[in-house]
Amino acid sequence: MVPGPGSRRAWHLLRDDEWRGRGDNVIGDGFAEVLAAAQEGSEAAFSRLWRDGNPPLLRYARVVASEAAEDVAAETWLQVVRGLADFRGDERAWRAWLFTTARRRAIDHARRRSRRPAGPLDEVPPGLLPSAPDAADLAIERISTRSAVALLAGLPAIQAEVIMLRVVAGLDTETVAQLVGRSPGAVRVAAHRGLRRLAGILAEAGVTL
Amino acid sequence: MPNLPWPTRSRGEPVTGDPSLAGLLAWAEFPAGSEPELKPVAEVLAALTAGPSGDELAGEAAALAAYRNRGSVPRPATRARRRRRRPLFPFPSVRVAATVAAAAAVLSVSAFATAAYTQVLPAPVQRLAHAIIGAPGAGGEPATGPSPAGSGATGRGATGPGGTGPAGGTPTGRAQPSPTSHATGQPTPQGSAEPSTEPTPSDSGTPTTTKSKGKPSTHPTNGNGNGGGNGNGNGNGNGNKNGDSTPTPQP
Numbered sequence: 000m001v002p003g004p005g006s007r008r009a010w011h012l013l014r015d016d017e018w019r020g021r022g023d024n025v026i027g028d029g030f031a032e033v034l035a036a037a038q039e040g041s042e043a044a045f046s047r048l049w050r051d052g053n054p055p056l057l058r059y060a061r062v063v064a065s066e067a068a069e070d071v072a073a074e075t076w077l078q079v080v081r082g083l084a085d086f087r088g089d090e091r092a093w094r095a096w097l098f099t100t101a102r103r104r105a106i107d108h109a110r111r112r113s114r115r116p117a118g119p120l121d122e123v124p125p126g127l128l129p130s131a132p133d134a135a136d137l138a139i140e141r142i143s144t145r146s147a148v149a150l151l152a153g154l155p156a157i158q159a160e161v162i163m164l165r166v167v168a169g170l171d172t173e174t175v176a177q178l179v180g181r182s183p184g185a186v187r188v189a190a191h192r193g194l195r196r197l198a199g200i201l202a203e204a205g206v207t208l
Numbered sequence: 000m001p002n003l004p005w006p007t008r009s010r011g012e013p014v015t016g017d018p019s020l021a022g023l024l025a026w027a028e029f030p031a032g033s034e035p036e037l038k039p040v041a042e043v044l045a046a047l048t049a050g051p052s053g054d055e056l057a058g059e060a061a062a063l064a065a066y067r068n069r070g071s072v073p074r075p076a077t078r079a080r081r082r083r084r085r086p087l088f089p090f091p092s093v094r095v096a097a098t099v100a101a102a103a104a105v106l107s108v109s110a111f112a113t114a115a116y117t118q119v120l121p122a123p124v125q126r127l128a129h130a131i132i133g134a135p136g137a138g139g140e141p142a143t144g145p146s147p148a149g150s151g152a153t154g155r156g157a158t159g160p161g162g163t164g165p166a167g168g169t170p171t172g173r174a175q176p177s178p179t180s181h182a183t184g185q186p187t188p189q190g191s192a193e194p195s196t197e198p199t200p201s202d203s204g205t206p207t208t209t210k211s212k213g214k215p216s217t218h219p220t221n222g223n224g225n226g227g228g229n230g231n232g233n234g235n236g237n238g239n240k241n242g243d244s245t246p247t248p249q250p
C-alpha cells in the first residue's frame with residue numbers, strides 16, 4: 000500500500016539532520032510570532048500552540064502513562080502555562096520542553112501509582128484499559144492512530160518511548176538522548192530494535208501492505 | 000503496557016548501522032530498496048503522526064481556562080528566586096558578639112598566663128596561678144613541670160594531650176628533663192623540644208609562637224602553646240602558634 004499524502008508529510012518529521020515539521024501539525028515558520036502572541040495574552044495564539052502540541056503529547060502519554068494519559072497531558076499544559084512567559088526558543092526547543100515536562104509528569108504518576116495499591120481491573124473504565132489492536136484493525140487500508148499507539152505501547156518501555164519522541168514529538172536523536180538520560184547511540188539502538196520488533200509483530204499479525 | 004519509571008543511566012549500547020531502520024526514522028520518504036517487511040512499520044509510523052482526532056482536541060476548553068487564569072497561579076521559579084536562604088544566625092550582631100566573646104576569652108586566658116609567668120600578679124593570685132598552671136610562685140618558686148624522675152618524659156608536656164603529636168612529644172626520651180632545657184619554650188618545628196624542670200634565664204615565659212605539629216596540649220607547662228619556656232617543654236605542639244592553648248590541671 001502506498002502511503003497517502005498525510006504519510007508523506009509525516010516523513011518530513013523523520014529527518015535527523017534537519018527538522019522540517021509535519022505539515023499541518025506543525026506551526027513552522029510562524030512559530031515565533033505565535034509564541035510571542037501567546038506570551039502576551041493572545042488566546043488564539045495559545046490555542047494554536049495547544050492544538051499543535053496536544054495530539055502528539057496525548058499519543059506520547061498514552062504510550063508512557065497508559066490510563067493516566069489525559070491527566071499527564073492536562074498537568075503538562077498546566078505547567079506549560081505557568082512557564083510560558085519565560086520560555087525562550089524555537090519550535091524545536093518548544094517541543095523538547097513540552098515533552099520533557101510530559102515525561103516528568105508521567106514519572107510522577109508512575110511513582111504515585113507504585114505507592115498506591117492497585118485496584119481491580121473491573122473498576123477501570125473500559126475505555127481506559129490498554130488493548131492491543133487485532134489483526135482486523137491492522138489489516139485495514141490505513142492503520143488508525145489509536146491502533147498505532149497501542150502497537151507502540153506493546154513494545155519495551157525504552158523502545159516505545161524513543162520511537163514516540165523521535166517520530167511523534169519530532170525530536171532529534173541528541174535531544175531524545177538528553178531527555179531520556181541515555182547516549183545518542185543507545186537511543187538509536189533502542190529505536191532500531193523497537194522498529195524491528197514492530198515489524199515482527201506486524202508480520203505475525205499477517206499485515207502486508 | 001509499559002508503565003514503569005524510565006531508566007536514566009546509559010548502558011553504553013553500540014550504535015546500530017542498519018540503513019533501512021535509520022531511514023525509517025530519519026528520511027523524509029520511505030527509503031527505496033528497504034526490506035519489504037518494513038513497509039507496515041512505515042505505515043504505523045505514519046499513523047502515529049496523522050492529524051488530530053476529535054478526542055485529542057477535547058480538552059482545549061480546559062487548557063484555555065488555565066491559560067486565562069495563569070496570572071493568578073503562583074510561579075514557582077520566581078518564588079524560588081526570591082526565597083532567601085536563612086542564615087543560621089540571622090542577626091549579624093549575634094555572630095559578631097559570639098566572635099568577640101570568644102576572642103576575649105582567649106585573650107584573657109593568655110593574658111592571665113602571661114601575667115602569671117612574668118609574676119606580675121598579686122601574690123595570692125600568683126600562688127593560685129602557681130598551683131593551677133604551674134607558673135612561678137609568688138615567692139619566686141620555680142614553675143612546676145615534669146619531675147626529674149622522668150615523669151616529665153611522660154609528663155604532661157610529653158604525653159599530655161599536646162605531647163603526642165608527631166612532633167616528637169613521645170615519652171620515650173624527648174621529655175627528659177634537663178637542666179639545660181631548651182626552655183625558651185620554643186619547640187622545634189618537629190616539636191622535639193626537651194622539657195626542663197628549671198626555668199632558664201631565657202625563659203621569660205614570654206609567649207612565643209610555636210610550630211609544633213603535635214596536638215595542642217592543655218597542660219600549662221607545655222608552654223601554653225609557646226613552649227612556654229618552662230622547660231617542660233615538650234613544646235610539642237601544645238600550642239598552636241598563637242600560643243593560646245588553655246591551661247590544664249596538673250595530674
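Here the protein sequences come in this chain order: A and B. Counting with numbering that gives the first Met the number 0, you get residues 0 to 208 for the letters of the first sequence. Counting with numbering that gives the first Met the number 0, you get residues 0 to 250 for the letters of the second sequence. C-beta: ideal position from N, C-alpha, C; glycine also. Please read these numbers as outputs of a predicted model, since none were measured by experiment.
Sufficient close CB pairs (3 or more, under 8 Å) joining the segment 181 to 190 of chain A to the segment 88 to 99 of chain A: Contact between the segment 181 to 190 of chain A and the segment 88 to 99 of chain A is absent, because fewer than three Cβ pairs lie under 8 Å.
Boundaries of the alpha helix (DSSP H) in which D85 (chain A) is found, first to last residue: Translated into the one-based positions of the first sequence, residue 85 (chain A) becomes position 86. Counting along the chain, D85 (chain A) falls outside any alpha helix (DSSP H), and DSSP gives it neither H nor E.
Chain B contact for W49 (chain A) (CB, 7 Å cutoff): Stepping through the first sequence from its first residue, residue 49 (chain A) is reached at position 50. It does: the Cβ of W49 (chain A) has a partner Cβ on chain B nearer than 7 Å.
Minimum C-alpha distance to R50 (chain A) - residue among B:A97, B:P18, B:L47 and B:E55: Walking along the first sequence from the start, residue 50 (chain A) turns up at place 51. Comparing alpha carbon positions, the residue from B:A97, B:P18, B:L47 and B:E55 closest to R50 (chain A) is B:E55.
CA-to-CA distance, V166 (chain A) to Q177 (chain A), given in whole angstroms: The residue given as residue 177 (chain A) occupies position 178 in the first sequence. The residue given as residue 166 (chain A) occupies position 167 in the first sequence. Separation of Q177 (chain A) and V166 (chain A) (C-alpha to C-alpha, rounded to the nearest whole angstrom) is 16 Å.
Separation of Y66 (chain B) from G40 (chain A), as counted between CA atoms: Taking the first residue of the first sequence as 1, we reach residue 40 (chain A) at position 41. Taking the first residue of the second sequence as 1, we reach residue 66 (chain B) at position 67. Take the alpha-carbon of G40 (chain A) and the one of Y66 (chain B): they are about 9 Å apart.
Assigned secondary structure, S143 (chain A) (DSSP; H/G/I helix, E/B strand, else coil): By one-based count along the first sequence, residue 143 (chain A) stands at place 144. In the three-state scheme derived from DSSP, where H, G and I count as helix and E and B as strand, S143 (chain A) is classed as coil.
Chain-ordered neighbours of G58 (chain B) on chain A, where CB pairs are closer than 9 Å: Position 59 of the second sequence, counting from 1, holds the residue named residue 58 (chain B). Against chain A, a Cβ distance below 9 Å from G58 (chain B) picks out W49, N53, L57, E69, A72, A73 and W76.
Three-way DSSP call (helix, strand, coil) for P54 (chain B) in this model: Locating residue 54 (chain B) in the second sequence gives position 55, counting from the first residue. Reading off the sequence shown, one finds Asp at residue 54 (chain B), where the question assumed Pro. It is helical.
Minimum Cβ-Cβ distance from A62 (chain B) to chain A less than 7 Å: In the second sequence, counting from the first residue as 1, residue 62 (chain B) sits at position 63. Yes, its Cβ sits closer than 7 Å to a Cβ of chain A.
Whole-angstrom C-beta distance between Y59 (chain A) and A101 (chain A), which should lie under 8 Å: Stepping through the first sequence from its first residue, residue 101 (chain A) is reached at position 102. Stepping through the first sequence from its first residue, residue 59 (chain A) is reached at position 60. Rounded to the nearest angstrom, the Cβ distance from A101 (chain A) to Y59 (chain A) is 6 Å, consistent with a contact under 8 Å.
Cβ-Cβ distance between V161 (chain A) and A198 (chain A) below 7 Å: On the first sequence, residue 161 (chain A) is found 162 positions in, with the first residue counted as 1. On the first sequence, residue 198 (chain A) is found 199 positions in, with the first residue counted as 1. By the CB criterion at 7 Å, V161 (chain A) and A198 (chain A) fall outside the cutoff.
Under 7 Å from the C-beta of Q144 (chain A): neighbouring residues of chain B: Working through the first sequence from its first residue, we reach residue 144 (chain A) at position 145. Looking at the sequence shown, residue 144 (chain A) is not Gln but Thr. Ordered by position in chain B, the residues that pass the 7 Å Cβ test against T144 (chain A) are A46, L47, A49 and S52.
Contact list for L106 (chain B) against chain A, beta-carbon separation under 9 Å: Residue 106 (chain B) sits at position 107 when you count from the first residue of the second sequence. Neighbourhood of L106 (chain B) in chain A, by CB distance below 9 Å: empty, with the nearest CB roughly 54 Å away.
Beta-carbon gap between A147 (chain A) and A57 (chain B) smaller than 7 Å: Within the first sequence, residue 147 (chain A) is the residue found at index 148, counting from 1. Within the second sequence, residue 57 (chain B) is the residue found at index 58, counting from 1. Against a cut-off of 7 Å, the Cβ pair of A57 (chain B) and A147 (chain A) comes out as no contact.
Where Q118 (chain B) sits in the DSSP three-state scheme: Within the second sequence, the letter at position 119 stands for residue 118 (chain B). Here Q118 (chain B) carries a coil assignment [DSSP, helix/strand/coil].
Nearest-angstrom Cα separation, counted from G193 (chain A) out to L170 (chain A): Residue numbering aside, residue 170 (chain A) sits at position 171 when the first sequence is read from its first letter. Residue numbering aside, residue 193 (chain A) sits at position 194 when the first sequence is read from its first letter. Roughly 17 Å separates the two Cα atoms.
Under 9 Å by beta carbon: chain B residues contacting E42 (chain A): Against the first sequence, residue 42 (chain A) aligns to sequence position 43. For the C-beta of E42 (chain A), the chain B residues within less than 9 Å are, from N- to C-terminus, L63, Y66 and R67.
Cβ distance (whole Å) where P55 (chain A) is taken to contact A168 (chain A) below 8 Å: Stepping through the first sequence from its first residue, residue 55 (chain A) is reached at position 56. Stepping through the first sequence from its first residue, residue 168 (chain A) is reached at position 169. Cβ-Cβ separation between P55 (chain A) and A168 (chain A): approximately 6 Å, consistent with a contact (criterion under 8 Å).
Residue-level contact to chain A via CB, P165 (chain B), 7 Å cutoff: Working through the second sequence from its first residue, we reach residue 165 (chain B) at position 166. Residue placement at P165 (chain B) is poorly supported in this model, since its pLDDT is 40, which falls under 50; the coordinates still yield a value, given next. No, P165 (chain B) does not count as interfacial toward chain A.
Any chain A beta carbon closer than 7 Å to V99 (chain B): As a working mapping, residue 99 (chain B) is identified with position 100 in the second sequence. Taking a beta-carbon distance threshold of 7 Å, V99 (chain B) does not count as an interface residue toward chain A.
Contact list for A147 (chain A) against chain B, beta-carbon separation under 7 Å: Sequence index remark: in the first sequence, residue 147 (chain A) carries index 148 (1-based). In chain order: V43, A46 and L47.
Within-7 Å CB hit, P39 (chain B) to chain A: Locating residue 39 (chain B) in the second sequence gives position 40, where the first residue counts as 1. Closer than 7 Å to the CB of P39 (chain B) there is at least one CB belonging to chain A.
R69 (chain B) to R47 (chain A) span [Cα, whole Å]: Numbered from 1 along the second sequence, position 70 holds the residue referred to as residue 69 (chain B). Numbered from 1 along the first sequence, position 48 holds the residue referred to as residue 47 (chain A). Those two C-alpha atoms are separated by around 17 Å.
Buried/exposed call for E42 (chain B), threshold 16 Cβ in 10 Å: Against the second sequence, residue 42 (chain B) aligns to sequence position 43. The residue in question, E42 (chain B), is buried, as its Cβ has 16 or more Cβ neighbours within 10 Å.
Distance between beta carbons of E36 (chain B) and A202 (chain A), contact taken as under 8 Å: Taking the first residue of the first sequence as position 1, residue 202 (chain A) is located at position 203. Taking the first residue of the second sequence as position 1, residue 36 (chain B) is located at position 37. Right, the Cβ-Cβ distance comes to about 6 Å (below 8 Å), so this counts as a contact.
Span of the alpha helix (DSSP H) around G193 (chain A): Along the first sequence, one-based indexing puts residue 193 (chain A) at 194. Start and end: P183 to E203.
Closest by C-alpha distance to H108 (chain A), when choosing among A:D85, A:D89, A:G88 and A:S65: Stepping through the first sequence from its first residue, residue 108 (chain A) is reached at position 109. Per the Cα distances, A:S65.
Beta-carbon spacing of L298 (chain B), A114 (chain B) below 7 Å: Limits of chain B in this structure are 0 at one end and 250 at the other, which puts residue 298 (chain B) out of reach.
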